[in-house]
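Peer 1: Numbering (my numbering), first residue to last: 3 to 229.
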């Protein structure tokens, strides 16, 4: 997740709405509430939370939705109708995964069906394999109970690792940004170490606080780059 310093848009969750249109299956909304089509059919990230049977007020009245929270290049919420094929396929797929598997990145994909139907397919991006699910006897499934079990599994896991994961990714991103500027300046390891010792009395970037790391990045950005 690339963090840009200075002025910019307000950092907020990016809602993605599942809906079968002519040539796309999901979209986001502009600040003017206009649909922005998303033509890519897959979103890869780490699932951090899920809300099942969430009551939401719409222009058509109150309805129930499934909100899937995914941390990718930015935080996303994929919203679908609780009674939709997409939502049910998502729940069936997540039910197949262990708590350990849910801690790793997953790919959520949309597949267009007949008329207004959108199906959900979940993949392991490391193996390119999809999670196989069965729709047999799906009308007899207690979807409320299934959703509750999945919510407990994901949200219990998220409560323990969400803060740690977000902090770790922020840290990783700052290190990556400093790597970029060090390459542009053609600094070697010893040059970087000497500056850190002189400025912060520390030998490596891993020892810097987040504030010190941001300060170091700002210093590097101000240096004339090598041609």
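For each residue, glycine too, the CB sits at the ideal point set by N, CA and C.
A quick note: this is a predicted structure, and the numbers were derived from the prediction, not measured.
For residue 135, count neighbouring Cβ atoms within 10 angstroms of its own Cβ and tell me buried if that reaches 16, exposed if not.
Peer 2: Translated into positions along the chain shown, residue 135 becomes position 133. Buried, by the Cβ-count rule.
Peer 1: Which residues mark the beginning and the end of the alpha helix (DSSP H) in which residue 91 is found?
Peer 2: Here residue 91 is taken as the residue at index 89 of the chain shown, counted from 1. It spans 87-97 - the alpha helix (DSSP H) in which residue 91 sits, taken as one unbroken run.
Peer 1: Three or more C-beta pairs under 8 Å: does that hold for the segment 30-40 against the segment 95-103?
Peer 2: Segments in contact, no.
Peer 1: Out of 184, 221, 185, state which residue places its alpha-carbon closest to the alpha-carbon of residue 202.
Peer 2: Against the chain shown, residue 202 aligns to sequence position 200. Checking every option, the nearest Cα to that of residue 202 belongs to 221.
Peer 1: Indicate the three-state DSSP secondary structure (helix, strand or coil) for residue 40 in the structure shown.
Peer 2: Looking up residue 40 in the chain shown gives position 38. If DSSP states are grouped into helix, strand and coil, residue 40 belongs with the strands.
Peer 1: Would residue 112 be called buried (16 or more neighbouring beta carbons within 10 Å of its own) or exposed?
Peer 2: By one-based count along the chain shown, residue 112 stands at place 110. Burial call: buried.
Peer 1: Count Cβ pairs between the segment 54-62 and the segment 113-132 that sit closer than 8 Å; are there 3 or more?
Peer 2: Flag = no, the segment 54-62 and the segment 113-132 do not touch.
Peer 1: Can you list, in chain order, the residues of its chain whose CB lies under 6 Å from that of residue 14, leaving out five sequence neighbours each side?
Peer 2: Position 12 of the chain shown holds residue 14. Result list for residue 14: empty, nothing under 6 Å.
Peer 1: Taking just the CA atoms, how far does residue 106 sit from residue 157?
Peer 2: As a first step, residue 157 is located in the chain shown; it is residue number 155 there, counting from the start. As a first step, residue 106 is located in the chain shown; it is residue number 104 there, counting from the start. Near 15 Å, if we compare the C-alpha coordinates of residue 106 and residue 157.
Peer 1: How many whole angstroms separate the CB atoms of residue 70 and residue 49, which I take to be in contact at a CB cut-off of 8 Å?
Peer 2: Residue numbering aside, residue 70 sits at position 68 when the chain shown is read from its first letter. Residue numbering aside, residue 49 sits at position 47 when the chain shown is read from its first letter. With a Cβ gap of about 7 Å, residue 70 and residue 49 count as contacting.
Peer 1: Quick one: Cα of residue 191 to Cα of residue 46, how far?
Peer 2: The sequence position of residue 191 within the chain shown is 189, counting from 1. The sequence position of residue 46 within the chain shown is 44, counting from 1. Looking at the two C-alpha atoms, the distance is approximately 34 Å.
Peer 1: Roughly how far, in whole angstroms, is the beta-carbon of residue 67 from the beta-carbon of residue 58, given that I think they are within contact range, below 8 Å?
Peer 2: Locating residue 67 in the chain shown gives position 65, where the first residue counts as 1. Locating residue 58 in the chain shown gives position 56, where the first residue counts as 1. So it is a contact: roughly 5 Å between Cβ atoms.
Peer 1: Applying the 10 Å Cβ sphere with the 16-neighbour rule, what's the burial state of residue 84?
Peer 2: The residue labelled residue 84 in the question sits at position 82 within the chain shown. Under this definition residue 84 is a buried residue.
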